[in-house]
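What follows is a single structure, written as structure tokens, with notes after it.
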Amino acid sequence: MPLFVMRKENMVLPKKPHAEHEKTPVVRLVEVTVEHEGQRLDNFLLRLCKGVPKSHIYKAVRGGEVRINKGRVSPDVKLKLGDMVRVPPMRLPTPNQTQHVPAAEFPVVFEDEGLLVIDKPAGVAVHGGSGVSFGVIEQLRMARPDAKFLELAHRLDRDTSGLLLIAKKRNALLGLHEMFREGLGHKHYFALVEGDWVNDRQHIKLNLAKWTTQSGERRVKVDPQGQASHTIVSKVKRFGEFSLVDAELRTGRTHQIRVHLAASGFPIVGDDKYGQDDTKDRFRLLGFNRMFLHAHRLDMPHPITKDPLILTAPLPSACELILATLEQRAGK
């Protein structure tokens, strides 16, 4: 079975194409087959349009040039069997514009034939796009050229460290998506927040909606008309004016933990979108130059075997050092 079924529209061919890069780009209609059912549109296009800068692909989707069944869509929409994807003409970059992607491996927490779990460092994007030329997934593909399938199962913000799931088989990816939809996985994050968190356990249920600033930056805000969102926050340790908490995601909205904590009056230390600038500056003077949010534990069934997995990633040394500093200052 072919991976793609293509039908060409508005094709204009040069009379004598001498090289691949001289061909005039054409509009294509691509039918989604079972091999790509459930895949995100952006990942689908990145594979289909190899060599095209990721920024061009995201711009085409957001500009309405890419459509599914003639309708405008977002980059993160999931493809369905039989969907017709309109792919506009996209020119390959000239050789001197091609961005080199360095191969890289990351600390492996768990790996078998279908699943790879890594401990992602802070400051590294999970994928290219939105001003980033490449991310974890592109570097892993370069480091593992024989891997036939490597796809992100979820996302972490660039400044968030910790557990990141990558599917090595299509059935593993679909199994992970189903697991997240049904709420079978329990994802826990450590966050250092500003303020004295006194409750042992608190449920935060605030609807969230995406919005765009005047400068074009995408953000998330609390909005009664937004998507239902649920975070369970547990106290771990108090340091006077700062607290270490465990945040368990019961839904998986963009920036959910960051916005829920900030809206509750406890912004995350180092958060450049929803945190306090003066607090960020104070911690920079102490040598801490990141957001303190770390995906430290994931309890879940294996997406293929269904065996229970308990995956953990220790706090990075920078986070451990700043906690030791706060504990010393708090006199505990």
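Quick note: the sequence shown, position 68, residue 68 per our numbering, numbers continuous.
All C-beta atoms in this analysis are idealised placements derived from N, C-alpha and C, irrespective of residue type, glycine included.
Just so you know, these numbers come straight off a predicted model, no measurement behind them.
On the DSSP letters alone, give me the boundaries of the alpha helix (DSSP H) that residue i sits inside.
| i | result |
| --- | --- |
| Q256 | 256-263 |
| H56 | 54-62 |
| M142 | 136-143 |
| K205 | Element bounds for K205: not the alpha helix (DSSP H) but the beta strand (DSSP E), 201-205. |
| R40 | First-last for R40: undefined, no H or E at that position. |
| R290 | Taken as a continuous stretch (DSSP letters only), R290 belongs to no alpha helix (DSSP H), as it is neither H nor E. |
| K148 | That residue, K148, is in no alpha helix (DSSP H); it is neither H nor E in DSSP. |
Nearest CA to the CA of residue i: which residue from the options?
| i | options | result |
| --- | --- | --- |
| H186 | L309, L48, P88 | L309 |
| K221 | G195, D196, R258, K235 | R258 |
| D223 | Q214, R238, L206 | L206 |
| R86 | V30, D299, P316 | V30 |
| H188 | R158, L286, K235 | K235 |
| E241 | L208, R253, V269 | V269 |
| Q227 | G183, L208, G71 | L208 |
| R28 | D159, H203, Y58, P89 | P89 |
| V66 | V198, L46, G275 | L46 |
| P75 | K54, A143, G175 | K54 |
| R238 | S264, V52, G195 | G195 |
| E37 | R329, G175, P145 | G175 |
| M142 | K120, H100, I166 | H100 |
| E113 | T312, I57, L150 | L150 |
| L249 | R297, E320, P314 | R297 |
| E35 | I57, L81, V52, N43 | L81 |
| L165 | D299, K273, F44, E320 | D299 |
| S243 | K50, A263, V198 | V198 |
| A103 | P145, P267, I118, E111 | P145 |
| A167 | V117, F134, H260 | V117 |
| L311 | G63, V109, V52, E320 | V109 |
| E105 | A262, M179, E217, Q139 | Q139 |
| T305 | A263, D277, I204, M179 | M179 |
| L261 | R253, T251, A247, G252 | A247 |
Give every residue of the same chain whose Cβ lies closer than 8 Å to the Cβ of residue i, excluding the five residues on either side of it in the sequence, and list them in chain order.
| i | result |
| --- | --- |
| D307 | P301 |
| L286 | I322, T325 |
| Q225 | N207, A209 |
| V73 | L41, V61, V66, R67 |
| V77 | R40, L41, I68 |
| C49 | I57, V87, M90 |
| L79 | V32, H36, E37, G38, Q39, R40, L41, F44, I68, V85 |
| F266 | V193, E194, G195, W197, S243, V245 |
| Q276 | E194, P267 |
What does DSSP give as the partner residue(s) for residue i in the beta ladder?
| i | result |
| --- | --- |
| L116 | E111, I166 |
| D246 | F190, S234 |
| S317 | None, per the DSSP bridge assignment. |
| T212 | R218 |
| K333 | Limits of the chain in this structure are 1 at one end and 332 at the other, which puts residue 333 out of reach. |
| I322 | Paired residues: none, contrary to the question. |
| E182 | Paired residue(s): none; E182 is not in a bridge. |
| G275 | In the DSSP output, where bridge partners are listed per residue, G275 has none listed. |
| G71 | I68 |
At which residues does the beta strand (DSSP E) containing residue i begin and terminate?
| i | result |
| --- | --- |
| D299 | 293-301 |
| D253 | Sequence inspection shows Arg at residue 253; the Asp mentioned does not correspond to that position. R253 -> no beta strand (DSSP E), and no H or E assigned at all. |
| K221 | 218-222 |
| L311 | 308-312 |
| L29 | 27-32 |
| R158 | Counting along the chain, R158 falls outside any beta strand (DSSP E), and DSSP gives it neither H nor E. |
| M84 | 84-87 |
Please confirm if residue i has its CB atom under 8 Å from at least one CB of chain B.
| i | result |
| --- | --- |
| R158 | The structure shown contains no chain B; it is built from a single protein chain. |
Sorted by chain position, which residues of the same chain lie with C-beta nearer than 6 Å to residue i's C-beta, five sequence neighbours on each side aside?
| i | result |
| --- | --- |
| E20 | Bear in mind that the predicted position of E20 carries a pLDDT of just 43, short of 50, making it unreliable; the figure below should be weighed with that in mind. Closer than 6 Å at Cβ, skipping near neighbours: no residue. |
| Q97 | Here the model assigns Q97 a pLDDT of 48, short of 50, so the residue's position is not dependable, and the following value carries that caveat. If we look at Q97 and ignore the five residues flanking it on each side, it has no Cβ neighbours. |
| P316 | S161 |
| D271 | R258, M291 |
| A122 | D159, S161, R290 |
| A137 | Note that residue 137 is Ile in the sequence shown here, rather than Ala. Answer for I137: H127, L152, listed in chain order. |
| P303 | A172, G175, L176 |
Given residue i, which residues of its chain have a CB within under 7 Å of its CB, disregarding the five upstream and five downstream residues?
| i | result |
| --- | --- |
| K70 | none |
| A318 | F288, R290 |
| R155 | V126 |
| G331 | none |
The ligand ZN and residue i: does any heavy atom of the ligand fall closer than 7 Å to the residue's C-beta?
| i | result |
| --- | --- |
| L152 | Looking at this structure, you won't find the ligand ZN or any other ligand, since it has none at all. |
Are the stretch 225-235 and the stretch 153-173 touching, with three or more C-beta to C-beta distances below 8 Å?
Contact between the stretch 225-235 and the stretch 153-173 is not established, with fewer than three Cβ pairs separated by less than 8 Å.
Is it true that the stretch 289-299 meets the stretch 151-166, where meeting means three or more beta-carbon pairs spaced less than 8 Å apart?
When C-beta atoms of the stretch 289-299 are compared with those of the stretch 151-166, three or more pairs fall below 8 Å, so the two segments count as touching.
Hey, is the stretch 176-184 in contact with the stretch 271-288, meaning 3+ C-beta pairs nearer than 8 Å?
The stretch 176-184 vs the stretch 271-288: no contact.
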